[in-house]
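Participant: Those letters in the sequence shown? Residues 0 to 636, per numbering that gives the first Met the number 0, in order.
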Amino acid sequence: MDAPISRYHEVYARAMRDPEGFWGDAAQAIDWYEPATKVFDKHAGVYGRWFTGAVCNTCYNAIDRHVERGRANQAAIIYDSPATQTKRVITYAELLLEVATLAAVLRDFGVAKGDRVILYMPMVPEALVAMYACARIGAIHSVVFGGFAAKELATRLDDCKPKLILSASCGVEGARIVHYKPLLDAAIDLATSKPEACLILQRPQCEASLTAGRDHDWATLRAAALADNRTAPCLPVLATDPLYILYTSGTTGIPKGVVRDNGGHMVALAWSMKNHYDVEPGEVYWAASDIGWVVGHSYIVYAPLFHGCTTILYEGKPVGTPDAGAFWRVIAEHKCVAMFTAPTAFRAIKKEDPNGKLFARYDLKNFRTLFLAGERADPATIEWAEQLLKVPVIDHWWQTETGWAIAGNPMGLGMLPVKHGSPTVAMPGYDVRIVDDQCVEVPTGKMGSIVVKLPLPPSCLPTLWQQDERFKESYLAEFPGYYKTADAGFKDADGYLFIMGRTDDIINVAGHRLSTGGMEEVLASHKDVAECAVIGIADAMKGEVPCGFIVLKAGVNRAPEEIEREIVALVREKIGPVAAFKLAITVPRLPKTRSGKILRGTMKKIADGETWSMPATIEDPKVLEEIGGALKGRVGA
Ligand code: COA
Ligand code: AMP
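(1) I need the straight-line Cα distance from Gly420 to Phe305, nearest angstrom please.
(2) I need the DSSP call for Pro342, collapsed to helix, strand or coil.
(3) Kindly examine ligand 1 and report whether one of its heavy atoms sits closer than 8 angstroms to the Cβ of Ala186.
(4) Compare the Cα-Cα distances from Ala269 to each of Leu460, Thr57, Asp394, Arg367 and report the closest residue.
(5) Any heavy atom of ligand 1 closer than 8 angstroms to the beta-carbon of Gly173?
(6) I want to check one thing, is the minimum distance from the CB of Glu314 to the heavy atoms of ligand 2 below 8 angstroms?
(7) Would the beta-carbon of Leu650 fall within 9 angstroms of that of Tyr131?
(8) Please state if the CB of Thr320 and the CB of Pro81 are separated by a distance shorter than 9 angstroms.
(9) For Met499 and Trp396, I'd like the C-alpha separation in whole angstroms.
(10) Should Thr705 go down as buried or exposed, given a rule of 16 or more other Cβ atoms within 10 Å for buried?
(11) Is Gly281 near ligand 2, in the sense that its beta carbon is under 8 angstroms from a heavy atom of that ligand?
(12) How many Å lie between Arg367 and Ala12 at the Cα?
(13) The beta strand (DSSP E) that contains Phe470, what's its start and end?
(14) Check whether the region 313-332 and the region 361-377 are in contact - that is, three or more C-beta pairs closer than 8 angstroms.
(15) Looking at the unbroken beta strand (DSSP E) that takes in Ile244, where does it start and where does it end?
(16) Might you give, ordered along the chain, the residues of its own chain that have their beta carbon closer than 6 angstroms to the beta carbon of Gln386, omitting 5 neighbours on each side?
(17) Which partner residues does Gly407 have in the DSSP bridge list?
(18) Once DSSP output is grouped into helix, strand and coil, what is the label at Thr310?
(19) On the DSSP bridge assignment, give the partners of Ile393 in chain order.
(20) Between Leu455 and ligand 2, is the CB less than 8 angstroms from at least one heavy atom?
(21) Grab the span of the beta strand (DSSP E) containing Glu530 for me, first residue to last.
(22) Taking Cβ positions, are Gly373 and Arg259 nearer each other than 9 angstroms?
(23) Assess contact between the region 284-296 and the region 330-339, defined as three or more Cβ pairs (one per stretch) separated by less than 8 angstroms. Is contact present?
(24) Hey, Ser448 and Ser248 are a contact pair by Cβ (cut 8 angstroms); roughly how many whole angstroms apart?
(25) With distances taken from CA atoms, which of Gly315, Lys37, Lys526, Gln398 is nearest Lys86?
(26) Determine the burial state of Gly659: buried for a count of at least 16 other Cβ atoms within 10 Å of its Cβ, exposed for fewer.
(27) Look at the Cβ atom of Trp49, then the Cβ atom of Gly263, and state whether they are nearer than 9 angstroms.
(28) Would the beta-carbon of Ile626 fall within 9 angstroms of that of Phe548?
(29) When you compare only the Cα positions, how much space is there between Tyr59 and Val451?
(30) May I ask you to check if the CB of Thr484 is nearer than 8 angstroms to at least one heavy atom of ligand 2?
(31) With which residues is Phe497 paired in a DSSP beta bridge?
(32) Give me the Cβ distance between Lys162 and Val110, rounded to the nearest whole Å; I'm assuming they're in contact under 8 angstroms.
(33) Name the residue from Ser524, His215, Lys445, Thr83 whose alpha carbon lies nearest to the alpha carbon of Gly173.
(34) What is the DSSP secondary structure of Gly173, reduced to helix, strand or coil?
(35) For Arg432, collect the residues of the same chain with a Cβ closer than 6 angstroms to its Cβ; drop the 5 residues on either side in sequence, then sort them by chain order.
(36) Exposed or buried, Pro620, counting other C-beta atoms within 10 Å across all chains shown (16 or more means buried)?
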């Protein structure tokens, strides 16, 4: 079945047979101040730690060493912002100066190794500069996606207790200016843990008023440090020290603080650039994601620079900035060789320009591969992209927790045959199994829970921020000896994985990971709501969108439509626009089992117009008819 030229099987087998030898070799792509005393120490951390004893600096590996070795004048970042009609090229040498200068400013605020710094920023070069500056001085950054509301930001403040927050006056979302400062102020008011100071980047699109004594103007401090030639050197840190915390949706409204280390992260990401993405140093690579997500962290900010590539920072959308040809323009103009985005972006383009008229205007001769991840890549979208682009379209599967692909098609090792609907095969270091509830492997082709045998490879989370117990409970307890991915799927006879959906309450909306449990908490907080359920329903563009069902308290006499509008506004206010929560439906009651469990799965099937069978344990079968009736005219059921 496999193309004969692929080295995949041999490489994968070696990583399984001799993980320390394999990752020890991969570590040679990184510059270390001190090598590891152990490539993998099974006695350290919760399930072992990679590169214990090694001393390194992530910023040095991303920037300084390339300046020292001949890339000073190569573009490190190409900032392309159709949202603001701005373009800017930043060379490695220029980036080094910016980063070392900002690092000095951070140190002026007393930010030291291990201190947390929150970034609540739009897609501007300063955000990347800030991330590298934190890495340079051993501070731990935590980037919060700009589409989250104040309450979500406050939760993260209280969990990681940052010394400093870096933010900007605004983001630009198409025609909408997102004023960050009021959200930031509200979050700080809500949080128990207040930062000592905030650094605010004033953008020309809107000027924010600064809070005296707390807020500082970013540009003024930068200019002063530059004028004094003040820079901060790279601080050697342990490979096992945290580089960043990235919060991701958990099964409750409290997000999980995924910790990423310095050493393992660099090794795995550097390995992936050549072996998975088949990109050479010096080439231009583009991940069209957001720095607030893991894809942005790994493949906008870090991996391309570890590998000496040029990264594109795109502040715009696939459509509407200004049209559905935007991606082709960026690829052509910047001679991009590989691009990585979510299938939803391609669905958006396909909807606006199904025949690829805009595509025909651009010359994509340098472009070799399109990579998709973040949600299930539906075969129709892949086929459309393949026919249009005439390059391989590669689906790969990963999670915030892993930081790089669990399964993919390693282009640099020789492409394996593509099977639509499958992200191909397990990457080296991941021993992926499909198991039943008893943790027994299921036969080929049969659906089950997808788990990864411990230890996880480098870059995967060693724990949750200061919550070893929650880490064990959430990921390691259910299937002893294995990491629970919370995805369900199957493996075929060629070892290809098929990822079919989550086993928890997480839904994937336009490639954004959201917790329906978190949304239910918001719905339940409305004064007129007695009971509620939120499910993800199929959406042609976003893959899934949330749909909330509410049961009103007895005696509520207001019009349901009015309450539904309030509910929609409440989710936007509490979680943020990114939740894309636009549909609340009032029902007389919710379908439940006799033991009181809400039948969300059956509700979803009804909403999606799929065939469904009456659950044997249902309390009252009539309720499902009521749900079907309530959905009529509201969704495509
Ligand atoms: N700051 C503030 N608001 C933001 C935001 C940000 N960084 N990102 C998104 N939002 C807002 C949007 O403006 C939208 O608001 P609205 O309800 O007022 O329209 C809302 O959050 C929902 O955003 P989204 O789901 O992204 O929908 P969209 O209609 O703006 O765009 C796509 C749809 C498909 C074009 C867009 O989702 C996309 O480009 N996706 C690419 C996928 C991606 O980046 N995935 C990340 C993982 S790889
Ligand atoms: P995130 O942590 O935001 O990257 O979301 C991770 C989740 O997105 C996974 O657990 C999957 O449910 C889903 N996902 C990511 N990539 C894929 C893919 N290629 N195919 C199917 N689902 C995916």
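Yeah, the Cβ is synthetic: ideal placement off N, Cα and C, and Gly gets one too.
Facilitator: Reading off the structure:
(1) Here residue 420 refers to the residue found at position 421 when the sequence shown is read from its first residue. Here residue 305 refers to the residue found at position 306 when the sequence shown is read from its first residue. Approximately 31 angstroms between the Cα atoms of the pair.
(2) On the sequence shown, residue 342 is found 343 positions in, with the first residue counted as 1. Pro342: helix per DSSP, three-state reduction.
(3) Stepping through the sequence shown from its first residue, residue 186 is reached at position 187. No, since every heavy atom of ligand 1 falls outside the 8 angstroms radius drawn around the Cβ of Ala186.
(4) Locating residue 269 in the sequence shown gives position 270, counting from the first residue. When only C-alpha atoms are compared, the closest one is Thr57.
(5) Locating residue 173 in the sequence shown gives position 174, counting from the first residue. Correct: Gly173 has its Cβ closer than 8 angstroms to ligand 1.
(6) Numbered from 1 along the sequence shown, position 315 holds the residue referred to as residue 314. No.
(7) Only positions 0 to 636 of the chain appear in the structure, and residue 650 is not among them; the question remains open.
(8) Start at 1 with the first residue of the sequence shown, and residue 81 comes out as number 82. Start at 1 with the first residue of the sequence shown, and residue 320 comes out as number 321. Yes, Cβ-Cβ distance for Pro81 and Thr320 is below 9 angstroms.
(9) On the sequence shown, residue 499 is found 500 positions in, with the first residue counted as 1. On the sequence shown, residue 396 is found 397 positions in, with the first residue counted as 1. Roughly 11 angstroms between the two C-alpha positions.
(10) With the chain covering only 0 through 636, there is no way to say anything about residue 705.
(11) For the purposes of this step, residue 281 is taken as the residue at position 282 of the sequence shown. No; taking the cut-off as 8 angstroms, the Cβ of Gly281 has no heavy atom of ligand 2 nearer than that.
(12) Locating residue 367 in the sequence shown gives position 368, where the first residue counts as 1. Locating residue 12 in the sequence shown gives position 13, where the first residue counts as 1. Rounded to whole angstroms, the gap between the alpha carbons of Arg367 and Ala12 is 27 angstroms.
(13) Here residue 470 is taken as the residue at index 471 of the sequence shown, counted from 1. Counting along the chain, Phe470 falls outside any beta strand (DSSP E), though it belongs to the alpha helix (DSSP H) covering 467-470.
(14) Result yes; three or more Cβ-Cβ pairs closer than 8 angstroms.
(15) Here residue 244 corresponds to residue number 245 of the sequence shown, with the count starting at 1. For Ile244, the enclosing beta strand (DSSP E) covers residues 241-247.
(16) Residue mapping note: residue 386 aligns to position 387 of the sequence shown, counting from 1. The answer is none, since no qualifying residue turns up.
(17) For the purposes of this step, residue 407 is taken as the residue at position 408 of the sequence shown. Gly407 pairs with Val424.
(18) Translated into the one-based positions of the sequence shown, residue 310 becomes position 311. Reduced to three states, the DSSP call for Thr310 is strand.
(19) Translated into positions along the sequence shown, residue 393 becomes position 394. Answer is Phe370, bridged to Ile393.
(20) As a working mapping, residue 455 is identified with position 456 in the sequence shown. False, no ligand heavy atom lies under 8 angstroms from that Cβ.
(21) Translated into positions along the sequence shown, residue 530 becomes position 531. Residues 528-538.
(22) Counted from its first residue, the sequence shown places residue 373 at position 374. Counted from its first residue, the sequence shown places residue 259 at position 260. The answer is no: Cβ separation not under 9 angstroms.
(23) Judged by Cβ distances under 8 angstroms, the region 284-296 makes contact with the region 330-339, as three or more pairs qualify.
(24) Here the question's residue 448 lines up with position 449 in the sequence shown. Here the question's residue 248 lines up with position 249 in the sequence shown. Between Ser248 and Ser448 the Cβ distance is about 19 angstroms, and since that is not below 8 angstroms, they are no contact.
(25) Position 87 of the sequence shown holds residue 86. Proximity to Lys86 across Gly315, Lys37, Lys526, Gln398 peaks at Gly315, based on C-alpha coordinates.
(26) A question about residue 659 goes unanswered here, because the residues of the chain that appear run from 0 up to 636.
(27) Walking along the sequence shown from the start, residue 49 turns up at place 50. Walking along the sequence shown from the start, residue 263 turns up at place 264. Closer than 9 angstroms, so yes.
(28) Here residue 626 refers to the residue found at position 627 of the sequence shown. Here residue 548 refers to the residue found at position 549 of the sequence shown. A contact, by the Cβ cut-off of 9 angstroms.
(29) Locating residue 59 in the sequence shown gives position 60, counting from the first residue. Locating residue 451 in the sequence shown gives position 452, counting from the first residue. A straight line joining the alpha-carbon of Tyr59 with that of Val451 spans about 32 angstroms.
(30) Within the sequence shown, numbered from 1, the residue matching residue 484 stands at position 485. With a threshold of 8 angstroms, the Cβ atom of Thr484 counts as near ligand 2, since some heavy atom of the ligand is closer than that.
(31) Within the sequence shown, residue 497 is the residue found at index 498, counting from 1. DSSP, once it has assigned bridges, lists Phe489 as partnering Phe497.
(32) Residue mapping note: residue 162 aligns to position 163 of the sequence shown, counting from 1. Residue mapping note: residue 110 aligns to position 111 of the sequence shown, counting from 1. Between the beta-carbon of Lys162 and that of Val110 there is about 6 angstroms, and that keeps the pair under the 8 angstroms contact cut.
(33) Position 174 of the sequence shown, counted from the first residue, corresponds to residue 173. Comparing Cα positions, the closest option is Thr83.
(34) If you number the sequence shown from 1, residue 173 lands on position 174. Coil at Gly173, not helix or strand.
(35) Locating residue 432 in the sequence shown gives position 433, where the first residue counts as 1. For Arg432, same chain residues with a beta-carbon under 6 angstroms away, outside a window of 5 residues either side, are Glu440, Val450 in chain order.
(36) Along the sequence shown, one-based indexing puts residue 620 at 621. So Pro620 ends up on the exposed side.
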